[in-house]
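Number 1783 in the numbering used here belongs to position 762 of the first sequence; there are no gaps in the numbering.
Every residue gets a Cβ at the ideal spot worked out from N, C-alpha and C, and that includes glycine.
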Amino acid sequence: MTGAIDLPSQYTPGEVEGPRYELWEKAGYFTADPSRDAPTFSIVIPPPNVTGSLHIGHALDHTIMDTIVRRRRMQGYTTLWLPGMDHAGIATQNVVERELAKEGLSRHDLGREAFVERVWEWKAASGGQILGQMRRLGDSVDWSRERFTMDEGLSRAVQTIFKRLFDDGLIYRAERIINWCPRCLTALSDIEVDHTEDEGELVSIRYGEGDDAIVVATTRAETMLGDTAVAVHPDDPRYTHLIGREVELPLTGRRIPVIADSHVDPAFGTGAVKVTPAHDPNDFDIGRRHNLPSLTVLDERGVVTAHGPFEGLDRFEARPAVVGALREQGRIVAEVRPYLHSVGHCSRCHTTVEPRLSLQWFVRVAPLAKAAGDAVRDGRVRLHPPEMAARYFGWVDDMHDWCISRQLWWGHRIPVFYGPNGEVRCVGPDEEPPAGWRQDPDVLDTWFSSALWPFSTLGWPDDTPDLRAFYPTSVLVTGYDILFFWVARMMMFGLYAMSDRDPDDAPPFRVVALHGLVRDATGKKMSKSRGNTVDPLDWIERFGADATRFTLARGANPGSDVAVSDEWAAGSRNFCNKLWNAARFALFNGARVPRELPGAASLSVPDRWILSRLSAVAAEVDEDLEHFEFAKACETLYHFAWDEFCDWYLELAKIPLTSAEGTAEGPGGAAGGAGDVTREVLGFVLDHLLRLLHPVMPFITDELWTALTGQESVMVAPWPRLSCADPAAEAEMASVMRLVTEVRRFRSDQGLRPGQRVAARLAGIEASPLSAHAERIRFLARLTPPDGGFNPSASLEAERVTVELDTAGVIDIDAERRRMEKDLAAARREAEQASAKLANVGFTAKAPAEVVEKTRQRLAAAEQDIARLSDRLALLAR
RNA sequence: GGGCGGUUGGCGCAGUGGGAGCGCGCUACCUUGACACGGUAGAGGUCACUGGUUCAAUCCCAGUACCGCCCACCA
């Protein structure tokens, strides 16, 4: 019985959570031992940025993973949840550069080596805040295996796979149009570019003179300085006469050809396009098809380099300047009109991205993406929910080559060296670069190392015990928003790196479980600018980690978004409190966990009922968790715990627990009797309920479970498997509950005053099958024996209650009549519906027999109601 | 432009070919010895619209409207 009696009447998460987590960690529960003889289960965490802190999206992600992992651990699997962080190249470099800027320094003032050193210092001092916050949430990750994408081992994995790809011809260097951030001065991949609908201007400009004149439309007039052609559609009759001729490019005096290319949409604008191969990806392709020269007119900062009056102007200054100059020459035709179009911005600093021709490294993704698609197509990797596969294929089947070089200093440096005669050599992790050769200055895209995460963290390229035990990982949990960014890339690299394995064991994970985004209470996306964000740490402070987790898990329907607000969290907090008090009650009354359940003969009907329900709930919750139906599992547990266990079973348990025989020896008395059986059933149900709740609500369940059982931790208790189904007890209890509810409703409908007890004669109850429950019914419905005063009576007929009332006394006759008329109308409607249905169903053989039977019963019940209510109304009329 | 999803009580969401559910909110009553972060009883919905399949449609099919998301080299 421990100190449970001292439990306060309200649960205070703050006092429980910290110490509990420490205890778990110290006990080594989180650490996976691959040498143990048990099936394995593994998850790698999507590594959060080293610069990041825990936001509500992580909280959802982590709650789901922790729930999965805790259940598996209880099921006896050797379970690994591997934590770590991403070095987040550009984000981290920006943070440190901003810090330097405060000291009036730039990274160039420090030089590369010192700058990188400085980033490491920053990481040691202020990086990785999120790790501490994960502890607050209760994440049962294996801290002994924590990894960082810039770790020694992970760097080796990066170099190994780079070299392999390079040697296989899957990495190449080429001059291409890439997304360029003129502020960060680096290339960006497509996914590092955010597109927004921006207001621009569509300018129509006349190129050439006289018969050769042709009008083009553009939103980027300044790039015309680099035009090397005008393109029209080959079948466009308006321009066939011009194809192959040259027109003069205004402001430059250069003559450029008019070419035919089917990329041009004749219906758009004038049907003629200026072609600037060095500053537009489409134009670059057109240029390649037609062997056009590429003329770069902007530098890496977006400043005009073309000789002439515009030289030195920023791109955004150059645009109006060019348009002004054209206007002076009378080259602007029609109005310059406002034009809404999609513009790319650097996802890190929001600077408008500039398509830029430059020499970069690329991964040839076609064969890798094919394999990544096939693994899902042939079922080696299952996506959950399966509808997401369409999105996945859409991405994987049409993937551009991946630009992996970044002009940054923080990251994995590209392991390619340049020799004296323009020789190029890729150097593997265990090789020495030739003396005097110069290494490529660029680093790799952060996603390159993230893509290796499921195996680099387990020791690859070495054949380690961890890799053997935990790869492929069991499940990957993540939001559907990064299905493409990250999941597709892990698939490509995992399958490639493990291509020597059995194909079934090559993918990085067997299942991808996708969840939605967290939204506010009205379903809007959370954003700082809207001010509708929820800070999970704030919730943990105010409501507790368990309530925070429960709120998120309860909303986590597969693949769909989760709407949350303080009210939901408060509801979960209340649930925690409910559990707390249920356990407090149980412990105070001497509940204990029996070695085995008392024999069926000594169990009461409520005992059998709650055990039957518990075992059904355990099966249901297990099934739901197996299929990532977290919301359903939470609902089931919530209602079982609150509605059935607390509202009915605990109330009923008060009878034996407080009866003379039960209390004779005080709480926890060792004597036999109904009270002791109840104590054991109570202990048994609470024990199992806490185990079932533990994966979602680890802290409070452990606190209560250890108090109840005196054992070490529910974390290492076995996951429940029960078979106590008892349909007879369930049916009998259903009758009791229905009867009690009827009587309560009667009390409420009559508006009986607080202290006023209903004195009801349960006519016929002794003779009915419910006679055994008379005391329970009296207790729950708060009936007292007839005393001759105000004396309505309830009679019980075949599980249906009819309440006979004495119309004298406190009853408001008019109100009563209105209520009855209403009920009568409802009963008539019901009868009408049921008989209509019988008419439909009754004469065909197509309807299942039980449907017909049920409908008959419905009709009979409704007709009884009608008769009863009609009688009552007639009575009232007198 | 292409693809996907949604439309169920005030709000957020479940759900099923055969009597509409949950949470929060709302109403009334209740300091009943676990809990007012509580208890009891209620009110509230023609399940977006139209047509089809069926004995029977909120559920299956087609179309319409509106909303949302993702992808795309929208000059």
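The segment 1296 to 1329 contains, as complete alpha helix (DSSP H) runs of 4+ residues, the segments 1302 to 1310 (chain order). Non-local C-beta neighbours of residue 1890 in its own chain, meaning closer than 7 Å and more than five positions away in sequence, comprise 1841, 1844, 1845 and 1848, ordered along the chain.
Separation of residue 1322 and residue 1213 (C-alpha to C-alpha, rounded to the nearest whole angstrom) is 18 Å. Under the DSSP assignment, residue 1514 falls in the alpha helix (DSSP H) whose first and last residues are 1509 to 1518. In this structure residue 1283 is exposed. Its beta-carbon is surrounded by fewer than 16 other beta-carbon atoms within 10 angstroms. The Cβ atoms of residue 1386 and residue 1422 lie closer than 9 Å to each other. For the beta strand (DSSP E) assignment, the uninterrupted runs of no fewer than 3 residues enclosed by the segment 1443 to 1525 are, from N- to C-terminal side, 1445 to 1447 and 1494 to 1500.
Fewer than three pairs of CB atoms, one per stretch, sit closer than 8 Å, so the segment 1030 to 1042 makes no contact with the segment 1507 to 1524.
The DSSP-derived three-state label of residue 1367 is strand. At the C-beta level, residue 1859 and residue 1569 stay beyond 9 Å of one another. Distance from the CA of residue 1293 to the CA of residue 1239, rounded to the nearest whole angstrom, comes to 10 Å. About 14 Å separates the beta carbon of residue 1178 from that of residue 1467, a gap too long to meet the 8 Å contact definition. Residue 1344 has its alpha-carbon roughly 60 Å from the corresponding atom of residue 1492. Taking 9 Å as the cut-off, the beta carbon of residue 1406 is found no closer than this to the beta carbon of residue 1191. Residues 1841 of the same chain have their beta carbon placed closer than 6 Å to that of residue 1894, with the five preceding and five following residues left out of the count. CA-to-CA, the gap between residue 1254 and residue 1278 works out to about 14 Å. Residue 1201 sits in a strand when the DSSP states are folded into three classes.
Across the structure, residue 1704 and residue 1086 are spaced so that their CA atoms are roughly 29 Å apart. Excluding the 5 residues flanking it on each side, residue 1560 has same chain C-beta neighbours closer than 6 Å at 1569 and 1590, in chain order. Residues 1745 of the same chain have their beta carbon placed closer than 6 Å to that of residue 1632, with the five preceding and five following residues left out of the count. Comparing alpha carbon positions, the residue from 1496, 1418 and 1742 closest to residue 1641 is 1742. Residues 1852 of the same chain have their beta carbon placed closer than 7 Å to that of residue 1884, with the five preceding and five following residues left out of the count. Taking residue 1202 as reference, the option from 1758, 1376 and 1701 with the minimal CA-CA separation is 1376. Look at the segment 1618 to 1664 and you find these whole runs of alpha helix (DSSP H), each 4 residues long or longer: 1626 to 1647 and 1651 to 1660. In the three-state scheme derived from DSSP, where H, G and I count as helix and E and B as strand, residue 1397 is classed as helix. Residues of the same chain with a CB within less than 6 Å of the CB of residue 1716, apart from the 5 flanking positions on each side, are 1088, 1091 and 1092 in chain order. Bounds of any alpha helix (DSSP H) do not take in residue 1219; it lies within the beta strand (DSSP E) bounded by 1214 to 1228.
Beta-bridge pairing by DSSP links residue 1089 to no other residue. A contact is defined here as three or more CB-CB pairs under 8 Å, and the segment 1753 to 1761 fails this definition with respect to the segment 1058 to 1075. Relative to the Cα of residue 1196, the nearest Cα in the group 1246, 1475, 1424 and 1273 belongs to 1424. Take residue 1116, set aside five residues on each side of it, and the residues of its chain with a beta-carbon closer than 6 Å to its own are 1072, in chain order. The C-beta of residue 1141 has fewer than 16 other C-beta atoms within 10 Å across all chains shown, which makes the residue exposed.
Comparing alpha carbon positions, the residue from 1271, 1148 and 1436 closest to residue 1194 is 1436. Rounded to whole angstroms, the separation of the alpha carbons of residue 1205 and residue 1362 is 24 Å.
Residue environment for residue 1439: exposed (fewer than 16 other C-beta atoms within 10 angstroms of its C-beta). In summary, residue 1442 is exposed, with fewer than 16 beta-carbon neighbours lying within 10 Å of its beta-carbon over all protein chains present.
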